[in-house]
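So in my numbering the end of the sequence shown lands on 287, straight run, no missing numbers.
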Amino acid sequence: MSEALAVAQVLAEKAGHLILDALPREKRVDHKGVVDLVTPVDRACEKLIIDGLRETFPEHRIVAEESAAERPDAGPCWYIDPIDGTCNFVHGLPHCSVSIALIVDGRPRVAVVYDPAKGELFAAEAGKGASLNNNRIRVSPTGTLDQSLLVTGFPYDRRDNSAFYLRYFEAFMCNAQDLRRYGSAALDLCWVAAGRFDGFFEWGLKPWDTAAGWLIVEEAGGRVSGFEGDGFDPWSDRIAATNGAIHDEVTALLVKIDGEAGYRAPDRAK
Ligand code: IPD
Ligand code: CA
Ligand code: CA
Numbered sequence: 018m019s020e021a022l023a024v025a026q027v028l029a030e031k032a033g034h035l036i037l038d039a040l041p042r043e044k045r046v047d048h049k050g051v052v053d054l055v056t057p058v059d060r061a062c063e064k065l066i067i068d069g070l071r072e073t074f075p076e077h078r079i080v081a082e083e084s085a086a087e088r089p090d091a092g093p094c095w096y097i098d099p100i101d102g103t104c105n106f107v108h109g110l111p112h113c114s115v116s117i118a119l120i121v122d123g124r125p126r127v128a129v130v131y132d133p134a135k136g137e138l139f140a141a142e143a144g145k146g147a148s149l150n151n152n153r154i155r156v157s158p159t160g161t162l163d164q165s166l167l168v169t170g171f172p173y174d175r176r177d178n179s180a181f182y183l184r185y186f187e188a189f190m191c192n193a194q195d196l197r198r199y200g201s202a203a204l205d206l207c208w209v210a211a212g213r214f215d216g217f218f219e220w221g222l223k224p225w226d227t228a229a230g231w232l233i234v235e236e237a238g239g240r241v242s243g244f245e246g247d248g249f250d251p252w253s254d255r256i257a258a259t260n261g262a263i264h265d266e267v268t269a270l271l272v273k274i275d276g277e278a279g280y281r282a283p284d285r286a287k
């Protein structure tokens, strides 16, 4: 195991202890937007992780949700989501995660997603496969959208653009076996990697939401792209991740609804 993976795992687990301890308690909640929440625990976890990474890798860049940062040009950069699923966390719903990834020159190299409530640590290193609690994981063998269980998210502009998003949700309700909304994009991706879901799509995610899950899905044999099935850029607007077998079917349906819903990048719902 590389030093980067070892350090990321230790920091994710330490942050996970803070989350687990606070999960059943009442939280102080600040609003970054109408439905975008942050708590002192998000900030404490982020500080713990940043301090730990700076100690070992002082020359690496860091992009973290509560501190934000510019897109780095090149070189090694860590992407941190201290609590992915803050809304669940605030409500005491035990489904959230710590997400840490190292991207070097635009490619993900190391990824850790830790779900403290379930004690599940997902990890991957480029070229070395993906694991859950040190056991190798692989995507599902499901071969058709009709037989697939998918997961998605409701974007932060959902109150303003609900009609737009509902077109996509309706299309997948009618074409997949079923569709879920769990509330942690990092875990959605890991659950695709572990074969629990066959695919995932969402709009408006940030690189700290997707960077770790991206590598974990790819190393588990899956595929990650934009809605058009092109290569994935974690700074882009939209993500589709699947077991690979259903990828073309999923992206074809997304593109079809794009046309019907009048999608125009980057003001997707305008
Ligand atoms: C959110 C979660 C959620 C997704 C949101 C994200 P946060 O992250 O990943 O599943 O639907 O778009 O922003 O705010 O809890 O870190
Ligand atoms: Ca997040
Ligand atoms: Ca977060």
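Just so you know, even glycine gets a beta-carbon here, dropped at the ideal spot from N, CA and C.
Roughly how many angstroms separate the alpha carbons of residue i and residue j, rounded to a whole number?
| i | j | result |
| --- | --- | --- |
| Glu83 | Ala188 | 34 Å |
| Leu166 | Asp195 | 5 Å |
| Glu277 | Val168 | 22 Å |
| Ile66 | Ala269 | 39 Å |
| Asp265 | Val209 | 16 Å |
| Pro89 | Val241 | 21 Å |
| Gly92 | Cys191 | 44 Å |
| Lys287 | Ala228 | Confidence is the limiting factor: at Lys287 the pLDDT is only 39, short of 50, which leaves the residue's position unreliable and the question unanswerable from this model. |
| Gly216 | Arg42 | 33 Å |
| Asp132 | Gln26 | 12 Å |
| Leu162 | Arg281 | 25 Å |
| Asp38 | Asn178 | 36 Å |
| Ile36 | Leu222 | 22 Å |
| Arg45 | Gln164 | 42 Å |
| Val115 | Asp275 | 32 Å |
| Ala258 | Gly136 | 24 Å |
| Asp205 | Thr159 | 17 Å |
| Val267 | Asp53 | 28 Å |
| Leu271 | Asp254 | 14 Å |
| Arg285 | Lys49 | Confidence in Arg285 is poor, its pLDDT being 43 and thus under 50, which makes the residue's placement unreliable; the coordinate value appears in the next sentence. Their Cα atoms are separated by approximately 21 Å. |
| Leu70 | Val24 | 7 Å |
| Gly239 | Glu76 | 32 Å |
| Ala81 | Gly102 | 15 Å |
| Phe171 | Val51 | 14 Å |
| Gly261 | Asn151 | 23 Å |
| Ala32 | Cys62 | 5 Å |
| Ile97 | Trp225 | 5 Å |
With H, G and I counted as helix, E and B as strand and the rest as coil, what does DSSP make of residue i?
| i | result |
| --- | --- |
| Val168 | strand |
| Phe186 | helix |
| Asp47 | strand |
| Thr161 | coil |
| Ile274 | helix |
| Ala286 | Note that Ala286 scores 44 on pLDDT, short of 50, meaning its location in the model is unreliable; the coordinates nonetheless yield the value given after this. Correct three-state label for Ala286: coil. |
| Val27 | helix |
| Val52 | coil |
| Asp195 | strand |
| Phe106 | helix |
| Ile263 | coil |
| His112 | coil |
| Asp250 | coil |
| Gly212 | coil |
| Gly33 | helix |
| Asp38 | helix |
| Glu20 | helix |
Which two residues bound the contiguous beta strand (DSSP E) that contains residue i?
| i | result |
| --- | --- |
| Glu219 | 216-220 |
| His94 | Note that residue 94 is Cys in the sequence shown, not His. 93-101 is the extent of the beta strand (DSSP E) around Cys94. |
| Thr259 | 255-259 |
| Asp174 | Here Asp174 belongs to no beta strand (DSSP E), and DSSP marks it neither H nor E. |
| Arg240 | 240-242 |
What does DSSP give as the partner residue(s) for residue i in the beta ladder?
| i | result |
| --- | --- |
| Gly207 | What sits at residue 207 in the sequence shown is Cys, not Gly. DSSP lists no partner for Cys207. |
| Ser148 | Ala140, Arg153 |
| Ala81 | Ile97 |
| Ile117 | Ile97, Val129 |
| Arg124 | Val121 |
Is residue i a contact residue of ligand 5, with contact defined as CB to any heavy atom under 7 Å?
| i | result |
| --- | --- |
| Tyr182 | With respect to ligand 5, the structure shown offers nothing to examine, as its ligands consist of ligand 1, ligand 2 and ligand 3. |
Where do the N-terminal and C-terminal ends of the alpha helix (DSSP H) with residue i fall, by residue?
| i | result |
| --- | --- |
| Ile67 | 57-73 |
| Leu232 | 224-236 |
Report task. Give a yes or no on contact between the stretch 102-115 and the stretch 47-66, applying the rule of three or more CB pairs nearer than 8 Å. Result -> The stretch 102-115 vs the stretch 47-66: in contact.
Query raised in the report: Are three or more beta carbon pairs between the stretch 233-249 and the stretch 133-145 nearer than 8 Å?
Result: By the Cβ test, the stretch 233-249 is in contact with the stretch 133-145, since at least three Cβ pairs between them sit closer than 8 Å.
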